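Those letters in the sequence shown? Residues 249 to 871, by the numbering used here.
Each remark here refers to the structure printed beneath this line.
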Amino acid sequence: MLDLHHILVQLHNDLGYAANDEGACALYAEKAIDAFLAGESDVFNFRNQYISKKYTQFPGLFFQAKEEGKLLSKKELTSENAFLSDVERQMIFDVAAFFDQGELYMQPERYTAVFGTPISQNSPEKIAPYAQPLAINRHQLDSFSGIYTEKELHQYIISMRQLAQNYAGDFALSLGSDNHRIGLCYSYSDNCWQLNDVNQPDLPPIPAVDANDQLIAYAVQLLFNDKDNNCAFITRLITTNSCKERFKAHVDGFLNEEHFKNIQELTTERLQRVNSRGATLAWIAAKNGDAKTLDCLTRFKAENGEHLVDFNQSTKDGITPACVAANNGDIAILHILENIKKADGTHLVNFNKPALNGVTPAYMAALTGQPEALRFLAQIKDADGKILVDFNLQANDGATPAFIAANKGNDEVLSVLASFKTPDGAQLVDFNLPTLNGATPAFIAAQEGYTKTLRVLANLKSSDGMPLIDFNKSTIDGATPVFIATLSGHAEILRLLTEIKTADGLPLVDFNKSENNGFTPVYMAVQLDQIEALRVLASIKAPDGRLLVDFNAPSNDGIMPIFIAVSNGNLEIVKLLIDVGVKLDCLFDGRTPLQFAEGQGHIEIASLLRAATQEKEPLTYRF
């Protein structure tokens, strides 16, 4: 049986949200905090139990609930006759709303239109007002980063308990490490702590007494998977708007309390600490937008003027502070990193350093749709005015920032990349660089059916006015953008490709180019019954009216499209092929298309072919 973490991920994907195997911890922790502040923790827990029991059936139940809801509103169904009870129907809608709201915490970068600006998962205070109507009552009072030994984490919990006792009210902590997030909520009425972790959803409340401080500290270490190592995370102090002023007075005192200041003080030893995954304090600050801490770290220097903090130090998977800041689109953090200089005045931070999988800061900004971060990276220059960031660096699979932007259908990011120029005015970004399997940005845009994205690429011109993009470049399997668009049934993509012309007005794109098995776009359109794609291909003609697409081209095994159409029994496609004048006296396996139709019992097709064989003259092809 799946645990709740994997259940939430699976149901999230089954409900049609963009597939994402990460982020469930943020969804769970932040929604648990929302529920706690709204006094609905019991509802939150009951909902999770329902999800755990019904997750495999839920997509069907949700459809049933929506259909019944429509009928009930029209009075065409009564509650007594409905399959679902009113209570379960309401629970189903509640679960759907939970995922709708939680999606904003899980992958907010996909909802720029909602927030008005790109937002990362590490900005829960900006997401909360949109993620739940009641969350408008939520207020983040302060935040701070730390990297703690086991003893210091114990002191951290002691300090939090003392804050709770002095404040005498409810509040929550959102704790975010390099790869996980948990909630820690204090209930004044119960004098208990509640840990909220998607990997351990059934943790009981723990009384907030000094005898339990070590237990809670140990639990935090375990939940962050930092047992026997330093524990690094950001703390976000959260309360409600109605309580923020009273809470603030206590928080201000808490932050200046000597024991707490001792574990937060930036020392030379703390600067060098790492957690079990290699994250430093600088890394945690960069990821979570803690500009104050990161800026303080830049002031630690040796006598020779060199920085004591390695701002290029990556986690074990190779992700640097610059990479994670670009991923989040955090301009303030990127600005701090840019301003860090070596003793000789050159940039200390390497904005091209790749992770183990080859992704760079520019790649991550393109991946998560951060146009402003890309613009910022493009203005980082050396003393000679040369742009320091290489926007053509490829990940291990060969993907570039341009490719990943096209893959996401992010037209704004592509347009930003297209705006970068070399000193002589040429295009800085190479939009034809393929991945290891030969796929270009144009190919992936055609495959995904991103018409606007492909148009952005088609509008890129060289100094002589010709398209910069090679729309005939094929993958290692021989597939071109035309081929993959036909295979996917994207007729609009094909229409756009027909608009791209040579200087003499002929189509620039080769609509006859086959992949390695000899399958042409026509062949695949026929095989997959893509009638609209075939109509587009049949409309491609020379200025004198001659058909430019070869509807007779056979595959490597000698099969012509007409035989595939007959075999499929598609009368409409056979008629189209006859109308464009395909050869009807051709043979395969010793038989004509008519004989194939008769042998397979396709009576209407056979009749059509018989008449066409007597009446039709084949068209004159250009080839």
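For every residue, glycine included, the Cβ atom is placed at its ideal position computed from N, Cα and C.
Just so we're clear, the structure is a prediction, and the values are computed from it rather than from any experiment.
Return helix, strand or coil for residue i, following the three-state DSSP convention.
{"i": "residue 307", "result": "helix"}
{"i": "residue 443", "result": "strand"}
{"i": "residue 258", "result": "helix"}
{"i": "residue 652", "result": "helix"}
{"i": "residue 850", "result": "coil"}
{"i": "residue 789", "result": "strand"}
{"i": "residue 337", "result": "helix"}
{"i": "residue 575", "result": "helix"}
{"i": "residue 623", "result": "helix"}
{"i": "residue 635", "result": "strand"}
{"i": "residue 794", "result": "coil"}
{"i": "residue 430", "result": "strand"}
{"i": "residue 721", "result": "coil"}
{"i": "residue 858", "result": "helix"}
{"i": "residue 365", "result": "coil"}
{"i": "residue 537", "result": "coil"}
{"i": "residue 350", "result": "helix"}
{"i": "residue 803", "result": "coil"}
{"i": "residue 567", "result": "coil"}
{"i": "residue 330", "result": "coil"}
{"i": "residue 357", "result": "helix"}
{"i": "residue 830", "result": "coil"}
{"i": "residue 562", "result": "coil"}
{"i": "residue 603", "result": "coil"}
Going by DSSP, what residue range makes up the beta strand (DSSP E) through residue i?
{"i": "residue 487", "result": "479-488"}
{"i": "residue 386", "result": "386-396"}
{"i": "residue 424", "result": "419-424"}
Under the DSSP definition of a beta bridge, which residues are partnered with residue i?
{"i": "residue 531", "result": "None, per the DSSP bridge assignment."}
{"i": "residue 811", "result": "Residue 811 is not bridged to any residue."}
{"i": "residue 839", "result": "836"}
{"i": "residue 435", "result": "440"}
{"i": "residue 675", "result": "669"}
{"i": "residue 885", "result": "Nothing about residue 885 can be read from this structure; the chain reaches only from 249 to 871."}
{"i": "residue 583", "result": "Residue 583 is not bridged to any residue."}
{"i": "residue 523", "result": "478"}
{"i": "residue 595", "result": "589"}
{"i": "residue 455", "result": "440"}
{"i": "residue 549", "result": "555"}
{"i": "residue 755", "result": "749"}
{"i": "residue 314", "result": "BP columns for residue 314 are empty, so no partner."}
{"i": "residue 629", "result": "635"}
Between which two residues does the alpha helix (DSSP H) harbouring residue i extend?
{"i": "residue 744", "result": "739-746"}
{"i": "residue 769", "result": "769-775"}
{"i": "residue 714", "result": "Note, residue 714: premise wrong, no alpha helix (DSSP H); not H, not E."}
{"i": "residue 647", "result": "No alpha helix (DSSP H) contains residue 647, which DSSP labels as neither H nor E."}
{"i": "residue 302", "result": "289-302"}
{"i": "residue 273", "result": "272-285"}
{"i": "residue 461", "result": "461-471"}
{"i": "residue 729", "result": "729-735"}
{"i": "residue 696", "result": "689-696"}
{"i": "residue 611", "result": "609-615"}
{"i": "residue 950", "result": "In the structure as shown, the chain starts at 249 and stops at 871, and residue 950 therefore has no counterpart that could be examined."}
{"i": "residue 706", "result": "699-706"}
{"i": "residue 819", "result": "819-827"}
Taking all protein chains shown into account, decide if residue i is buried (16 or more other Cβ within 10 angstroms of its Cβ) or exposed.
{"i": "residue 586", "result": "buried"}
{"i": "residue 799", "result": "buried"}
{"i": "residue 266", "result": "exposed"}
{"i": "residue 577", "result": "buried"}
{"i": "residue 851", "result": "exposed"}
{"i": "residue 767", "result": "buried"}
{"i": "residue 583", "result": "exposed"}
{"i": "residue 725", "result": "exposed"}
{"i": "residue 871", "result": "Residue placement at residue 871 is poorly supported in this model, since its pLDDT is 34, which falls under 50; the coordinates are not used for a value here."}
{"i": "residue 656", "result": "buried"}
{"i": "residue 446", "result": "buried"}
{"i": "residue 517", "result": "exposed"}
{"i": "residue 339", "result": "buried"}
{"i": "residue 714", "result": "exposed"}
Enumerate, from N- to C-terminal direction, the unbroken beta strand (DSSP E) stretches of 3 or more residues contained entirely within the region 497-521. none
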